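Those letters in the sequence shown? Residues 0 to 512, by numbering that gives the first Met the number 0. Structure first, then comments.
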Amino acid sequence: MRFRFLFIGFISINKHTIMNDKVRVRMAPSPTGLLHIGSLRTALYDFLIARKNSGTFVLRIEDTDQNRLVPGAIENIIQTLSDFSLTPDEGFVMEDGKIKEVGQFGPYLQSKRLEIYSRYAKELLTKKKAYYCFCTPQRLDELRKQQEAQKLPPRYDKFCLKLSGEEVQAKLAAGESAVIRLNVEPGHMVAFDDLVFGRIEISTSEIDDQILIKSDGFPTYPMAVVIDDHLMEITHITRGDEFISSTPKHILLYEAFGWEIPKFVHFPPVLSKTTKKKLSKREGDVSVQSFLDKGYLKPAILNFLAFLGWSPKSEQEIFSLLELVQEFSIDRLHKAGAIFDLDKLDWFNSTYIRNLKIEELFALTLHYLTEAGFETEKYPKAFLEQILSLEQSRLTKLSEIGERVAYFFRQPEYDASLLIWKKSEPQTIQANLLKLSEYLKTGDASETAIKQFIEERQLKTGEVLWPLRAALSGLTASPGPFEIMETFLILPNGREIILQRLDQALQKITGMI
Ligand code: GLU
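Printed below as a string of structure tokens:
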């Protein structure tokens with residue numbers, strides 16, 4: 000199918016400013032798996048358009064493709080929206096862990112609306128805008144092959160349109176399998192002005208007599224979406240750009256019913272950084288859940304998603320949801336695909352982590368800390384707060400915290416070679432560790448005191464501080480030895496732990512010699 004995208008160069012703001020104060024937008028996901036990160040962007044933009052215009056955000060679940068349904072997907076969509084504070088005004092919401100349907104335009108689950116679709120299909124049949132088709136899969140297959148051989152686009156050849164009323168009735172009475180097709184008259188232009196992509200036109204000669212109702216009585220996507228958007232009084236059809244090519248078919252349906260055509264707002268695609276193609280499952284897990292599992296914060300994800308296809312007037316990058324509501328406008332949505340750049344997401348995330356209060360960071364990381372060996376009863380609050388403030392500015396994702404701080408709760412395991420500073424001799428490191436261990440039995444562990452210890456004994460700083468730090472943490476990278484010791488010394492047995500670690504290191508280094 001060929002489309003002519005007639006982009007109108009500069010789009011004036013006035014054209015896009017929504018004047019109608021009864022804006023109604025909807026998100027219409029199909030429950031085919033865990034909510035995709037790109038769908039969360041759609042939800043965010045829907046939410047922002049609704050809030051910005053004092054409008055209504057509707058959540059409708061499009062479950063007419065029964066073969067693709069995934070158990071739990073509906074719950075996941077509703078729960079995710081609620082977790083991200085993008086709760087719809089109508090449709091489905093989570094209340095006390097249970098799904099609740101709200102609003103006066105329901106049912107909001109398409110499989111509960113079959114009778115409505117069939118009623119409207121009958122209306123089109125009566126108006127002669129649609130017709131029954133009894134063609135068998137074999138005939139359609141043959142037709143397609145012939146068209147392929149003649150290098151023609153695959154189109155239904157309107158064979159059943161020629162059937163008389165009596166013939167149709169007789170076939171239906173005999174229980175023959177039938178679909179209902181839209182009768183598309185060739186030779187007309189269908190056009191619409193997308194608020195992001197501009198004017199789009201296509202000739203009806205390029206549009207097939209699409210199926211509206213399948214032989215199992217279920218509607219196809221175009222039929223259900225148009226009827227529902229009309230009956231639910233949706234003013235702005237907001238969705239990903241992959242639906243641009245379906246929109247002319249939808250417009251034909253609006254015309255066939257004689258309904259007012261809503262506004263269309265297609266969002267730009269989200270592209271993989273590596274392939275520059277649409278972000279897909281092949282890039283790894285792209286469900287919202289997987290980003291939460293990796294330790295990305297919800298506000299950071301939303302902030303990142305807001306910029307995937309939109310930019311504010313100012314240079315500001317950090318936006319709360321409330322600020323996004325104030326700042327967002329359709330005319331600042333981009334046409335160009337947005338690159339899904341994980342480095343940028345990491346940047347947003349670390350910025351948000353840095354701005355957390357220690358108690359918030361604790362609450363968000365508690366399960367990682369527990370996995371790493373933290374026990375509430377065993378460790379004083381001040382000890383944990385100190386650990387968290389040491390790591391807060393170094394964290395990119397919450398999930399990193401466990402491996403970074405586990406040494407505070409458990410004796411670390413590491414290779415003896417970690418204790419060697421650059422090209423130092425193990426003997427030197429051994430001697431230094433021994434001196435340190437003697438000194439720290441009673442000596443001051445502060446930075447000033449340790450530096451004095453080094454100076455007085457004319458040791459090389461690296462040959463003392465590196466093995467000390469490595470002995471304490473067992474890691475190649477960690478906070479410095481003074482910060483670690485200061486933290487341990489919050490514990491009543493802190494000095495004991497420090498000495499144990501030095502002992503462990505001494506044993507390791509002795510084993511090397
Ligand atoms: N059910 C479609 C989807 O899963 C929604 C298309 C639309 O918003 O019109 O994305």
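All C-beta atoms in this analysis are idealised placements derived from N, C-alpha and C, irrespective of residue type, glycine included. Because the structure is a prediction, the values reported are computed rather than measured.
Bridge partners of aspartate 192, per DSSP?
-> Arg198
Cα separation between lysine 14 and glycine 37?
-> Because the pLDDT at lysine 14 is just 42, under 50, the model does not fix this residue reliably, and the value given afterwards should be weighed accordingly. Those two C-alpha atoms are separated by around 27 angstroms.
With DSSP as the reference, label serine 392 as helix, strand or coil.
-> coil
Proline 218, DSSP secondary structure in three states | strand
Residue nearest to threonine 135 in terms of C-alpha spacing, selected from Leu123, Tyr155, Glu147 and Ala129 | Tyr155
Rank Asn492, His187, Pro425 and Ile483 by C-alpha distance to the C-alpha of isoleucine 206 and give the top, closest one.
-> His187
Given a threshold of 16 other Cβ atoms within 10 Å of its Cβ, counted over all protein chains shown, does valine 69 qualify as buried or as exposed?
-> exposed
Nearest to proline 261 by alpha carbon, out of His235, Gly164, Thr55 and Lys343?
-> His235
Going by DSSP, name the residue or residues bridged to valine 178.
-> Cys132
Buried or exposed (CB count within 10 angstroms, at least 16 for buried), arginine 281 | exposed
Answer yes or no: do leucine 85 and tyrosine 131 have a C-beta to C-beta separation smaller than 9 angstroms?
-> no
Quick one: is glycine 283 buried, meaning 16 or more other Cβ sit within 10 Å of its Cβ, or exposed?
-> exposed
So is the beta-carbon of alanine 444 under 8 angstroms away from any non-hydrogen atom of the ligand GLU?
-> no
Tell me whether isoleucine 513 sits in a helix, a strand or coil according to DSSP, three-state version.
-> Past the edges of the chain, shown from 0 to 512, lies residue 513, and the structure says nothing about it.
Have a look at threonine 475 and glycine 510 and give me their C-alpha separation to the nearest angstrom.
-> 20 angstroms
Inter-residue spacing [alpha-carbon to alpha-carbon] between aspartate 208 and isoleucine 352 = 54 angstroms
With a threshold of 16 other CB atoms inside 10 Å of the CB of aspartate 502, please say whether the residue is buried or exposed.
-> exposed
Leaving aside the five residues before and after alanine 448 along the sequence, list all residues of the same chain whose C-beta is less than 7 angstroms from its C-beta, in chain order.
-> Gly442
Could you round the C-beta distance between isoleucine 48 and isoleucine 233 to whole angstroms and report it? I think they count as a contact, below 8 angstroms.
-> Contact doesn't hold; Cβ gap of about 11 angstroms is too wide.
Beta-bridge partners of glutamate 61, as assigned by DSSP = In DSSP, glutamate 61 forms no bridge with anything.
Whole beta strand (DSSP E) elements within the segment 226-310, 3-residue minimum | 235-239, 262-266 and 269-271
Use the C-beta contact count for serine 286: other C-beta atoms within 10 angstroms, 16 or more gives buried, fewer gives exposed.
-> buried
Candidates Gly308, Lys121 and Ser204: which alpha carbon is nearest proline 153's?
-> Ser204
According to the neighbour-count rule (16 or more other Cβ atoms, all chains shown, within 10 Å of its Cβ), is isoleucine 512 buried or exposed?
-> exposed
Simplified DSSP assignment, three categories, for asparagine 13 = With a pLDDT of only 40 at asparagine 13, under 50, the local geometry of the prediction cannot be trusted, and the value read off the model is given with reservation. Helix, per DSSP.
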